[in-house]
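A.B. asks: Sharing a structure below in structure tokens format, with a few things to ask.
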Amino acid sequence: MRNALKHLSSKGKRGAWIAFVMLAIVLLALPFFTEELFGRGWVRIMDFALLYIMLALGLNIVVGYAGLLDLGYIAFFAVGAYCYALLGSPQLGLHLPFWIILPLGALLACLFGVLLGAPTLRLRGDYLAIVTLGFGEIIRIFLNNLNAPINITNGPQGISMIDPIRFGEFSLGNTHELLGLTFPSVHLHYYLFLFFTLLVIFISLRLEDSRIGRAWMAIREDEVAAEAMGINTRNIKLLAFAMGATFGGLAGGLFAGFQGFVSPESFGLTESISVLCMVVLGGMGNINGVLLGSMLLVVLPEALRHGSGPAQQLLFGKTLIDPESLRMLLFGLALITVMLWRPAGLWPSNQRRRELVAENDAAQL
Amino acid sequence: MTTPLELDINLLELSGVAKRFGGLSALSDISLHIRRGEIYGLIGPNGAGKTTLFNILTGLYQADSGRFTFNNMEYSGRCKPHVLAQAGIARTFQNIRLFANMTALENVMVGRHLRTSSGIWGALTRNATARAEEHAIVQHARALLSYVGIDRPHQTLAKNLSYGEQRRLEIARALATDPKLLALDEPAAGMNATETENLKELLLSIRASGITVLLIEHDVKFILGLCDRVAVLDYGKKIAEDVPEKIRCDPAVITAYLGTEPIIPAQAGIQS
């Protein structure tokens, strides 16, 4: 019996390994297939999808785990992006290396998270949402207006000619030949973003199933009870804000290096809302759900943009509605449908994880 | 650390505690003391200020005036709930406040939060210390769940437990904080006779393990049969504090509960 169980578990383990290796191969080969099938533009869209996944996972810590509604989350993305842009462009004449600016941007965003959190986290629910919304706008307006009297952010024109991400002499901005394969810039960025996305997923998974993660969820479920159980709610909420902001800042830095250009326009309220949509649509508090939500919300509008024109040609012989307007219409319709059918999100959080852990513990005893 | 000999016999002492809400005086000049290792009951008609007093003891409200000492430490000023939990006061709530979407086990594990210490670094690296701590938390939580008699799978979500189980889960969660004083706000409310009897046994066993218990109850029979000493509140004032036998025939208490005219049993029988 025991042997049979052992055999079964080793088989399970092997199965998991095979699945893992297959997934790795698919993820590594994905940009090449995508380019082959849909063109290089779609690899770029995938890069953006990865950035949004990082953002959504960061916001998931604040909204999904700790239950704090943050409507100004994109501000941390802006802080990371502008930190990278200012320290790695002709704007201030600074060209610090990538491996210094990126952590610095994440750290600065974290600091902003604490700065915003410290005075506002005493507020609850709607009030917190309003204050964070204000904060997001303040950051954007600052970026928009910090071009006079001293020109720091270059105002609405934004900062251009940002240094590409570079490891020594290896610049991600150029095409490289490696092992007989051609890696264009978008492919290289894909691999870099994939690495950071996996890192963020790993951190989220580890935090979720930990003392800190439980404290976040307790606050989400019932703040009064959590405090009565001895959780220092202010500090724990601040920690959630800081962690979320750090991920936002990280994604921001990568965005600036990838895009080569940042302007305040990229950091408006709509961006905050769409990241929030990704979290809510996918399933708050569940990493898989958030991944699904972000991918859908990046890919779906693009697919509609590219697909709705030809589809109309096919159906009616001519383009009746401008694909650009139709795309937002269909997109809104899709959102409403999902929220009606699956109010907890496409892939809601469940408690299977703890169950598995408990079984393992029982097996050890 | 103080040695047991230096310790006061009183675990908790209140003197002259008052609380006003606008023009309403919810509590005035409350003085009482709870001895170590006893079950102390707090009764009174609706609106007498029992829960207000309870919320002051657990940091949810701040008293306007008066002294509040617990375990030889002064907590009179502004004190947050988590500080008092740290000091060793754990509570349950009148209307159950569990973490509804977390499992029974996780609810109790949250109770261990303030007696454990691993932070972000421990969570990310899962080093030996963090793993050992996590393991200890799970073991402790399991033990507490079976101690309070929840024999359902520990993975059941708290909201899916029966009413009686939810009440007991709240007690388990409070016990997980290693309290010196366990404060229960109407734990027997809505329970049937068997459940109440089980609760009584549980509370006696908690006292036997050295934890002092403070109890608010409406069920006068339950409280008089269980408590070592009882205080009676009425209109925000303490009108009596004594052993149950004396409380039962205290004229002030009878007045507060039944009105001014003494009821003659024969007459009562005719009226009903």
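From first to last, the protein sequence lines are chains A and B. Take any residue in the first sequence, count from 1 to its spot, add 831: that is its number in my numbering. Residue numbers are given in my numbering: position 44 of the second sequence equals residue 28, and the series is strictly consecutive. Each residue gets a CB set at the ideal place from its N, CA and C atoms; glycine is no exception.
Using the DSSP secondary-structure output, state which residues sit across from residue 945/A in a beta bridge.
C.D. replies: DSSP lists no partner for residue 945/A.
A.B. asks: Nearest by alpha-carbon distance to residue 915/A: which of 853/A, 1060/A, 1028/A, 1079/A is it?
C.D. replies: Here the closest residue by C-alpha is 1079/A.
A.B. asks: Could you name the residues of the same chain whose beta carbon sits closer than 7 Å to that of residue 147/B, not counting the 5 residues immediately before and after it, in chain order?
C.D. replies: 174
A.B. asks: Count the other CB atoms, across all protein chains shown, that sit within 10 Å of the CB of residue 233/B; report buried if there are 16 or more and exposed otherwise.
C.D. replies: Burial is judged here by how many other beta carbons sit within 10 angstroms of a residue's own beta carbon; residue 233/B has fewer than 16 and is exposed.
A.B. asks: Please state if the CB of residue 157/B and the CB of residue 145/B are separated by a distance shorter than 9 Å.
C.D. replies: no
A.B. asks: Rounding to the nearest angstrom, what Cα-Cα distance links residue -5/B and residue 30/B in this structure?
C.D. replies: Cα to Cα, the separation comes out at about 27 Å.
A.B. asks: Taking the alpha-carbon of residue -3/B as reference, which of 198/B, 111/B, 187/B has the nearest alpha-carbon?
C.D. replies: 198/B
A.B. asks: DSSP on residue 865/A, reduced to helix/strand/coil?
C.D. replies: helix
A.B. asks: For a minimum of 4 consecutive residues, which ranges assigned as the alpha helix (DSSP H) are wholly contained in the segment 907 to 993 of chain A?
C.D. replies: 929 to 951, 956 to 976
A.B. asks: I need the DSSP call for residue 50/B, collapsed to helix, strand or coil.
C.D. replies: strand
A.B. asks: Relative to the alpha-carbon of residue 37/B, which residue among 93/B, 116/B, -1/B, 70/B has its alpha-carbon at the smallest distance?
C.D. replies: -1/B
A.B. asks: Taking residue 141/B as the reference, give the member of 91/B, 58/B, 11/B with the closest Cα.
C.D. replies: Out of 91/B, 58/B, 11/B, 91/B has the C-alpha closest to the C-alpha of residue 141/B.
A.B. asks: Considering residue 200/B, what are the terminal residues of the beta strand (DSSP E) in which it resides?
C.D. replies: Following the DSSP letters along the chain, one finds residue 200/B inside the beta strand (DSSP E) bounded by residues 196 to 200.
A.B. asks: Quick check on the burial criterion: 16 or more other C-beta atoms within 10 angstroms. Buried or exposed for residue 893/A?
C.D. replies: buried
A.B. asks: Which two residues bound the contiguous beta strand (DSSP E) that contains residue 0/B?
C.D. replies: Segment -6 to 5, the beta strand (DSSP E) holding residue 0/B.
A.B. asks: State the DSSP-derived secondary structure class of residue 19/B, mapped to helix, strand or coil.
C.D. replies: strand
A.B. asks: For residue 848/A and residue 858/A, what's the separation of their Cα atoms in angstroms?
C.D. replies: Spanning the two alpha carbons is a distance of roughly 15 Å.
A.B. asks: Less than 9 Å between the C-beta atoms of residue 33/B and residue 47/B, yes or no?
C.D. replies: no
A.B. asks: From the DSSP output, in three-state form, read off residue 1159/A for me.
C.D. replies: Reduced to three states, the DSSP call for residue 1159/A is helix.
A.B. asks: By Cβ distance, which residues of its chain are closer than 6 Å to residue 102/B, with the 5 residues on each side in sequence left out?
C.D. replies: Excluding residues up to 5 positions away in sequence, 114, 117 lie with their Cβ nearer than 6 Å to the Cβ of residue 102/B in the same chain.
A.B. asks: Are the C-beta atoms of residue 134/B and some chain A residue less than 9 Å apart?
C.D. replies: Residue 134/B is outside the set of residues whose beta carbon lies under 9 Å from a beta carbon in chain A.
A.B. asks: To the nearest whole angstrom, what separates the beta carbons of residue 993/A and residue 1088/A, a pair I think is in contact under 8 Å?
C.D. replies: 7 Å
A.B. asks: Could you run through the segment 27 to 43 of chain B and flag, in chain order, every residue whose CB is less than 9 Å away from some CB of chain A?
C.D. replies: 42, 43
A.B. asks: What does the Cβ neighbour count give for residue 25/B, buried or exposed, with the cut at 16 atoms within 10 Å?
C.D. replies: buried
A.B. asks: Let me make sure I understand the geometry here. Which of 985/A, 901/A, 1101/A has the alpha-carbon closest to that of residue 1210/A?
C.D. replies: Residue 1210/A lies beyond the residue range present for chain A, which begins at 832 and ends at 1196; the question has no answer from this structure.
A.B. asks: Mind pulling the chain B residues with CB within less than 7 Å of residue 1063/A?
C.D. replies: 66
A.B. asks: Using Cβ-Cβ distances below 9 Å, what residues of the segment 83 to 105 of chain B are close to chain A?
C.D. replies: 83, 84, 85, 86, 87, 89, 90, 91, 93, 94, 95, 96, 97, 98, 99, 100, 101, 102, 103, 104
A.B. asks: Flag this pair as yes or no: are the beta carbons of residue 1096/A and residue 987/A separated by less than 9 Å?
C.D. replies: yes
A.B. asks: In chain order, what residues of the same chain have a beta carbon less than 7 Å from the beta carbon of residue 1016/A, not counting five sequence neighbours either side?
C.D. replies: Scanning its chain for C-beta atoms nearer than 7 Å, with the 5 sequence neighbours on each side dropped, one finds around residue 1016/A the residues 1003, 1004, 1005, 1006, in chain order.
A.B. asks: Take residue 1110/A and list the residues in its own chain whose beta-carbon comes closer than 7 Å to its own, dropping the five residues that flank it on each side.
C.D. replies: 887, 890, 891, 894, 895, 1121, 1124
A.B. asks: Between the segment 150 to 183 of chain B and chain A, which residues of the former have CB atoms less than 7 Å from a CB of the latter, in chain order?
C.D. replies: Contacts with chain A (Cβ-Cβ distance below 7 Å) from the segment 150 to 183 of chain B involve 157, 161, listed in chain order.
A.B. asks: At a cut of 8 Å, does the segment 1052 to 1072 of chain A reach the segment 937 to 955 of chain A through at least three beta carbon pairs?
C.D. replies: yes
A.B. asks: For chain B, check one thing: does any of its Cβ atoms lie closer than 9 Å to the Cβ of residue 1044/A?
C.D. replies: yes
A.B. asks: At least one CB of chain A closer than 9 Å to the CB of residue 224/B: is that the case?
C.D. replies: no
A.B. asks: Which of helix, strand or coil does DSSP assign to residue 1183/A?
C.D. replies: Because residue 1183/A sits at a pLDDT of 42, beneath the cut-off of 50, its placement in the model cannot be relied upon, and the following sentence gives the value as read from the coordinates. Per DSSP, reduced to three states, the secondary structure at residue 1183/A is helical.
A.B. asks: Based on Cα-Cα distance, which residue from 209/B, 43/B, 185/B, 196/B lies nearest to residue 231/B?
C.D. replies: 209/B
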